[in-house]
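Student: The sequence shown maps to residues 37 to 200 in my numbering.
Don't be surprised by glycine CBs; every beta carbon is placed ideally from N, CA and C.
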Amino acid sequence: MAKDLYKGRQMYQGPWLFYILIPIGAVALMFLVDWGYKIYNEYILNRDTKAILYKMLEAEDLTTQEEYKELAKKELEELGYEENKDVTVILRDDYIILINYKNYYSVIGELITKTKKVAVARFKGYTNEYKEAVVEEYTIEEEDELYEEEESTSTEPVVIPAKR
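1) Tell me where the alpha helix (DSSP H) around Lys167 begins and ends.
2) Just to confirm my understanding: we take Leu81, look at its own chain, exclude 5 residues before and 5 after, and list those with CB closer than 7 angstroms. What are they?
3) Helix or strand or just coil, what does DSSP make of Lys138?
4) As a quick exercise: from Tyr141, Val170, Pro51, pick the residue whose alpha carbon is nearest that of Trp71.
5) For the structure I just gave you, are there three or more beta carbon pairs, one from the stretch 98-106 and one from the stretch 122-132, closer than 8 angstroms?
6) Return the residue from the list Arg83, Asp97, Gly145, Leu68 that minimises the CA-CA distance to Leu112.
7) Rounded to the nearest angstrom, how far is the Cβ of Met66 from that of Ile148, given a contact under 8 angstroms?
8) Can you tell me which of the three DSSP states Leu127 falls into?
9) So, are the CB atoms of Leu98 and Ala169 less than 8 angstroms apart?
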């Protein structure tokens with residue numbers, strides 16, 4: 037009886053489904069790993085940039101923008117960023133802006149666009165009324181306003197006509 041029950045069924049399925057799913061899964065896994073590595077690099081860069089900005093705010097003997105930039109470069113070298121020489125430090129009246137970049141390897145970037153990916157950390161720091169260091173993320177909208185402000189102040193001098 038049992039032999040008759042299974043005799044009419046075909047128990048063999050072709051491997052064509054696996055031939056289709058394995059490459060799709062490999063590509064999906066590659067995108068997932070690339071996305072995860074991007075998140076990891078951004079997290080590490082943000083953490084290190086915050087730590088450097090806290091040290092910059094706690095340093096009392098620094099006065100010029102070049103001194104702040106040298107401190108940032110020295111701290112980055114201590115943290116292991118050998119290739120990173122492009123650090124932006126902007127001093128304002130009441131806060132300091134620190135923008136840090138890090139190139140990282142991306143499989144998708146190498147295969148498709150042939151470019152390296154860049155993680156960017158933008159933070160501004162200031163001291164509050166209790167003389168505590170406060171570090172906040174610096175948004176792109178604020179950065180656009182900063183560049184517009186610098187362009188408006190760095191243009192040619194305005195000539196005021198003399199009164200007659």
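Tutor: Here's the rundown:
1) Where Lys167 is concerned, there is no enclosing alpha helix (DSSP H), given that its DSSP letter is neither H nor E.
2) Asn136, Lys138, Ala155, Ala157
3) strand
4) Tyr141
5) yes
6) Arg83
7) Rounded, the Cβ-Cβ distance is 11 angstroms, inconsistent with contact.
8) strand
9) no
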